[in-house]
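A.B. asks: The structure under discussion is supplied below as structure tokens; questions concerning it will follow.
Residue numbers (the numbering used here): 799 to 1172.
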């Protein structure tokens, strides 16, 4: 079979049209000569559009055009080819389409002079999304390792510190029995109160380190949350409105009642501190239903309409001893302790927040297995 240029070119065009990439040829002055079918659909080009009336700039976002002028074109002139990334423009929305680019000059074999530019560009949005997930999982794994190491460290300190505080409390109690009418009574009570406050902090450290033992039992989550809120609301100013919503009834979990109290206490007090003088706190209890319709997880969410968090603060929210409060106003252990308790109960905790729009913290716990008939 003899070589027939026209037939050969038709075969090349048919081959390029099978590629699931943006494939195009442009003249050296930037006029687009041809775009394959997939490329036309990728950028949202009308079927009847004549590509020869367009230029390379029409296919690029402003960012992509700058990269083309500053990086791609000089590389093609100097090297005859370019490989990198750029941003195509979706003609329908104007949004960018990140692509991996391979461009090369085409040369006239009779003169060895370049006459056109061929480019193949692959949509990498799925790659970037997968990488974002991998990066997020990596950050979460590293954060979990840091929290575990800090937990081990905090546990050792907490046990030793608690023993010292126990001696101080016992000593203060003994001194009070020996000098009930002494001028030192006020000072002794202050010593005892400070030691007990320190002991409460060590209990938070032990909870964070996940070494506290839980008394697990089947609990109706809504009932426990309601009971806890009845106590917690006494610690809130009357100007703060508390709203309770139950979107699921009788959702049962296996948990420690005091642990649920601790979780709710920490989350509501954090919300209170974000509100200042007045505002609203919403506490909701619900369930996540599985494919069969039965609940697979129970959820407790605490939401406020307070100041919200920046992305940087949100990313560090569960770090122990991290706080945005003034010195003496917080230990930075509230959310860290809550995180440790939730993990120990086999659940997850997530924070959604935006500056000026408040914060929502959602705790998800596994539902209790059904009680067997036997």
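Beta carbons: idealized from backbone N, C-alpha and C, even for Gly.
Going along the chain, which residues of its own chain have a beta-carbon closer than 8 angstroms to the beta-carbon of residue 922, five neighbours each way excluded?
C.D. replies: 883, 896, 897, 898, listed in sequence order.
A.B. asks: For the structure I just gave you, are there three or more beta carbon pairs, one from the stretch 1103-1120 and one from the stretch 1156-1166, closer than 8 angstroms?
C.D. replies: In short, these stretches touch, since the Cβ pair count reaches three.
A.B. asks: From residue 1114 to residue 888, what does the alpha carbon distance come to, in whole angstroms?
C.D. replies: Those two C-alpha atoms are separated by around 36 angstroms.
A.B. asks: Taking its Cβ as the centre, do 16 or more other Cβ atoms sit within 10 Å of residue 857, making it buried, or is it exposed?
C.D. replies: Per the 10 Å Cβ criterion, buried.
A.B. asks: To which residues of the same chain is residue 832 closer than 6 angstroms at the C-beta, ignoring the five residues directly before and after it?
C.D. replies: 823.
A.B. asks: Where residue 975 and residue 958 are concerned, what is the direct C-alpha to C-alpha distance, given to the nearest angstrom?
C.D. replies: Spanning the two alpha carbons is a distance of roughly 26 angstroms.
A.B. asks: Starting from the N-terminal side, write out each stretch of the beta strand (DSSP E) that is 3 residues or longer and does not extend beyond the stretch 973-1000.
C.D. replies: As far as the stretch 973-1000 is concerned, it has no whole beta strand (DSSP E) run of at least 3 residues.
A.B. asks: Residue range of the alpha helix (DSSP H) that residue 1135 falls in?
C.D. replies: 1132-1142 is the extent of the alpha helix (DSSP H) around residue 1135.
A.B. asks: I believe residue 1050 touches residue 1081 by the beta-carbon criterion, under 8 angstroms. Please report the beta-carbon distance rounded to the nearest angstrom.
C.D. replies: With a Cβ gap of about 18 angstroms, residue 1050 and residue 1081 do not count as contacting.
A.B. asks: Between the C-alpha atoms of residue 924 and residue 963, what's the straight-line distance to the nearest angstrom?
C.D. replies: Taking the straight line joining both Cα atoms gives about 56 angstroms.
A.B. asks: Can you give me the Cβ contacts of residue 865 inside the same chain, cut-off strictly under 6 angstroms, excluding the 5 residues immediately before and after it?
C.D. replies: Excluding residues within five positions, the ones whose Cβ falls inside 6 angstroms are 884.
A.B. asks: Quick check on DSSP: helix, strand or coil for residue 1257?
C.D. replies: The first residue shown for the chain is 799 and the last is 1172, placing residue 1257 beyond what the model contains.
A.B. asks: For residue 964, which three-state DSSP category applies?
C.D. replies: Correct three-state label for residue 964: helix.
A.B. asks: Exposed or buried, residue 968, counting other C-beta atoms within 10 Å across all chains shown (16 or more means buried)?
C.D. replies: Residue 968 should be labelled exposed.
A.B. asks: Restricting to Cα atoms, I'd like to know which of 1153, 818, 1023 is closest to residue 839.
C.D. replies: Taking only the C-alpha atoms, the option nearest residue 839 is 818.
A.B. asks: Give me the Cα-Cα distance between residue 990 and residue 1014, rounded to the nearest whole angstrom.
C.D. replies: Distance between the alpha carbons of residue 990 and residue 1014: 32 angstroms.
A.B. asks: Which runs of the beta strand (DSSP E) spanning at least 3 residues fall entirely within the stretch 900-941, listed in chain order?
C.D. replies: Entirely contained in the stretch 900-941, the beta strand (DSSP E) runs reaching 3 residues are, in chain order, 911-921.
A.B. asks: For residue 977 and residue 984, I'd like the C-alpha separation in whole angstroms.
C.D. replies: Using only the alpha carbons, I get a separation of about 11 angstroms.
A.B. asks: Starting from residue 1149 and walking both ways along the alpha helix (DSSP H), at which residues does that stretch end?
C.D. replies: First-last for residue 1149: 1146-1152, but that is the beta strand (DSSP E), not the alpha helix (DSSP H).
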